[in-house]
Amino acid sequence: MGCGANGSHFGREATTIPAMMHFTRLLCLTSFLLITACGDAAEQAPSGNPAAETGQTSATEVPQGTADGPSIAPTADEDKLDHIRSFRDPWIGDLDKMEKQRVIRMLTVYSPGRYYLEENGEEKGLVKEMATRFENFVNKRLNRNSVRVNVVIIPMARSQLIPALLAGHGDIINASLSITPERAEIMDFSIPATKPLSEILVTGPKAPQLKSIDDLSGRTIYVRLSSSYRESVESLNARLKAAGKAPVNIEPVSEFLEDDDLIEMVDKGLLPWAIVDDYKLDLWKDVFTNTRARRDIVFREGGRIAWAFREDSPLLESAVNDFLKKNREGTLIGNVLKNRYIRDFDWAANALDDSDYQRFLELEHLFQKYGEQYRVDYLIAAAQGYQESRLNQNARSAAGAIGVMQLLPSTAEDKNVGIPDIHKVEPNIQAGIKYLDFLRNRYFDDPAIDTRNKTLLALAAYNAGPTRMINMRNKAKKLGYDPNVWFDNVELVAAREIGRETVQYVSNIYKYYIAYRYTQEQQARHAQARERAGMTPYRSSTD
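All residue numbers for the sequence shown refer to our numbering, where the first residue is 45 and numbers rise by one.
Laid out in C-alpha cells, this is it:
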C-alpha cells in the first residue's frame, strides 16, 4: 500500500512498506501508518499494569493498563527518534545555515486549533498561520523573492520535540512550550509569546474532595513526563517532603495524548484530575461540563510560553524575537490569530463529531490504487492534487483543465495517457498519476538522476511543460549547476527563466507531502493512544 514495494519513495530510495491496520475513524489524512518508511514500529499496548507495578493506584483513582481495560501509560518507543526524518539529513546551525539549506524546520504537535488538517488536507491552525507569517518575514529580512527559504512544519509527540531539536531534526519548537529552568539549561527561548499563565488542577466527577494542594499528598497525578507539569509536581514534592508529608505519585501518560485529551478523560471519569494551563479550560468550558477548574490549586504561576531553538543561534534568535514583537499575543496580529484559532475555534465540533476527513478518505483508495499501479508514492500524488485543486473534482481552470489533477482533456486523450472521462474523479486521478509517471519515465529516465529528483523534475514538468524543463536542465548544466538535481540547481534556473510559479508549485507539493506524512504518523499514534485510554477519536478540523 502507499509507497510500497512497487512505489517510489519521495525524498530517498524506494523502500518496502507493509500494510498497517486501518483505523476506521482516524484523524489523519489517510489510515495507513508508514512504519518502515519512518523507521519505527507501531505503538503497542503494554501487557501489564504500569500503575500496579509501582503501587501507585488508590481506591479513588482509575487503574491503568489492565488486561481488559484502557491504558494511558506511555509505550517504550514514544520518545525514540528512530522514525523521525526530515526531508534532508539532520543538521544543526544558525539562520545562515538554514538559508543555505533553504528550509527552517518548525517542530510542533498535532492538536485542534493549533495545528491540524482540514478535510481537504489543508494545513490549518495557529501554528500554521505563524509559520506562514514567519516565512514571509524571514524572506523579506534576507531579501529573497523567487527562491525562498521555506518554513516546513513537522508534527511529532511532545516527548520528541526537544530531542529532535537538539539532534538537528528541527530548528524551532512552536508548541505552547513553557519556559522552565530545566529546559533553559539545554536550549534557548525567544521572548515570551504569550501573556502569563498558571498551571492549575482540573477535577472530574470521580475526584475526592480536596481542600488545598497539600491534600494531593500521597495521591497520584497523571502527567506527560516531558511536560512542565511534571517539573511543577516535582517542585511540590520537594516542599511536601520538607514538611514531612508523602509526595505526590507521578504516573506517566502517553506522550501522544494532549492536554485536551486529559481534560476529556477527567470529564468522563476516566481520570480523577489533571494539571493543565488555565486558559485551556476556558476553551472547553461549554463542552466538558463535568469538570471543575480548581483555580485555588495552583502548581505554577506566571508561566510564559515561548519558541525554543538550539543554543548559540544568535541570528535565528534575533529574527524570531523581532518577528514575535509584532506577532505575539498582545499585539494586534497576535490577538486576531489567537481569537481565530483558539478563542473562536469550534471546540465542541472537535470533541463531539467523530466524522473523518471525508474528502481525502473518499479519494484515498484511488490515490493508493493508482499510486501503486504507476509506482508513485500516493502521498505525493495527493499533495499534488491538493496543490492543483484542493482535491476538488469540480475545479475548472480558465485554460480548460479539469478536476482534482487539473488535466486538459487533450492531455488525457493523448496516446501516452489514454484515460477518457476525466470529468469523473477516478479517471481524473488515474490520468494525473499516469501522466506524472509518463513524464518521469520519458524525460527523466536517466541513471544519473536519483528517484527523488526524477519525481521533483516530473512535477516541475507537469506544471511548466516537459520541453521547458529540458531547456532548464540544459541551461543549468551550462551555468555550472547540476542538471540532475532540482533543489538549489535546476530550481534556481527555473526561478530566473520562468519566475516563481513553478518553483513555488514544487515547493508547495513538497511541503504538503511532509505535512501529510508526518501528520499521518503522529495522528495514527494519537488515535492509538486514545483507543488505549478508552476514548474514541475526535475530529480535528473545522466545518
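We put the CB at the ideal spot given by N, CA and C, even for glycine.
Bear in mind the structure is a predicted one, so any value in this text is a computation, not a measurement.
Residues bridged to residue i [DSSP beta-bridge criterion]
| i | result |
| --- | --- |
| T375 | E373 |
| Y160 | K168 |
| D232 | F353 |
| E3 | The shown model of the chain, from 45 to 587, leaves out residue 3, and the question about it has no answer. |
| S155 | Y159 |
| T247 | W317 and R336 |
| P199 | T152 |
| N194 | V147 |
| S222 | I349 |
| L451 | I446 |
| V342 | I244 |
Check whether residue i and residue j have beta carbons under 7 Å apart
| i | j | result |
| --- | --- | --- |
| R149 | V196 | yes |
| T220 | S270 | Correcting the residue identity first, residue 220 is Ser in this sequence and not Thr. Contact: no. |
| A504 | V448 | no |
| L536 | Y506 | no |
| D526 | N533 | yes |
| F367 | E243 | no |
| V341 | W328 | Residue identity differs from the one stated: residue 341 is Ile in this sequence, not Val. No, the Cβ-Cβ distance between I341 and W328 is not below 7 Å. |
| Y557 | L423 | yes |
| T338 | L245 | Note on identity: in this sequence residue 338 is Arg, with Thr being the wrong assignment. It is a contact, given that the beta carbons lie within the stated cut-off. |
| L241 | G169 | no |
Among the options, nearest to residue i - alpha-carbon criterion
| i | options | result |
| --- | --- | --- |
| R384 | D322, K172, P225 and D133 | K172 |
| G212 | K413, N497, S357 and Y479 | S357 |
| S362 | G248, I257 and V182 | V182 |
| R372 | A175, W135 and R574 | A175 |
| K413 | I341, Y159 and I473 | I473 |
| G157 | M142, G429, D304 and N187 | D304 |
| P491 | L139, V529, L523 and R403 | V529 |
| E226 | F178, S279 and R569 | S279 |
| L287 | D258, E416, Y159 and L315 | At residue 287 the sequence reads Ala, which differs from the Leu that was named. Answer by Cα proximity: D258. |
| W351 | I477, K329, L205 and L410 | L205 |
| S190 | A475, A539, K329 and S298 | A539 |
| Q437 | Y160, P249 and V469 | V469 |
| P236 | A456, E406, N379 and K369 | K369 |
| F332 | G313, I319, A282 and I223 | G313 |
| G578 | E229, A426 and L315 | L315 |
Inter-residue Cα distance where the pair is residue i and residue j
| i | j | result |
| --- | --- | --- |
| R461 | L301 | Reading off the sequence, residue 461 comes out as Val, not Arg. For V461 and L301, the distance between alpha carbons rounds to 46 Å. |
| D232 | E355 | 5 Å |
| Y487 | E545 | 21 Å |
| Q572 | D322 | 27 Å |
| G92 | T152 | Only weak support exists for where G92 lies, its pLDDT of 32 falling under 50; the value from the coordinates is given anyway. Their backbone Cα atoms lie some 31 Å apart in a straight line. |
| L501 | L209 | 31 Å |
| P199 | Y154 | 6 Å |
| N365 | L452 | 47 Å |
| E167 | K555 | 10 Å |
| V277 | A201 | 21 Å |
| P107 | P134 | Low confidence applies here, because P107 scores a pLDDT of 40, under 50, leaving its location unreliable and the question unanswered by this model. |
| P291 | G262 | 6 Å |
| L359 | M142 | 10 Å |
| P510 | P296 | 55 Å |
| S256 | L325 | 19 Å |
| G444 | H467 | 11 Å |
| F178 | K382 | 16 Å |
| R569 | R576 | 10 Å |
| V310 | I542 | 56 Å |
| L284 | T495 | 60 Å |
| H409 | D465 | 19 Å |
| I11 | G415 | This structure gives no information on residue 11, because the portion of the chain shown stretches from 45 to 587. |
| N518 | Y159 | 41 Å |
| A456 | Q548 | 25 Å |
| I294 | I319 | 12 Å |
| A475 | L483 | 12 Å |
| V420 | L405 | 18 Å |
| N180 | G378 | 16 Å |
| R403 | I553 | 18 Å |
Residue i beta carbon near the ligand ZN (any heavy atom closer than 6 Å)
| i | result |
| --- | --- |
| A475 | In terms of ligand content, the structure shown is empty, and the ligand ZN therefore cannot be addressed. |
Cutoff 7 Å: residue i Cβ touching any chain C Cβ
| i | result |
| --- | --- |
| S270 | Of the protein chains in the structure, only one exists, and it is not chain C. |
Q) Which runs of the alpha helix (DSSP H) fall wholly inside the segment 526-565 and span at least 4 residues, in chain order? A) 535-541
Q | Whole runs of the alpha helix (DSSP H) within the segment 255-339, excluding any shorter than 4 residues | A | DSSP runs (the alpha helix (DSSP H)) wholly in the segment 255-339: 272-286, 303-311 and 322-327.
Q) What are the uninterrupted segments assigned as beta strand (DSSP E) that are 3 or more residues long and contained completely in the segment 411-449, given in chain order? A) none
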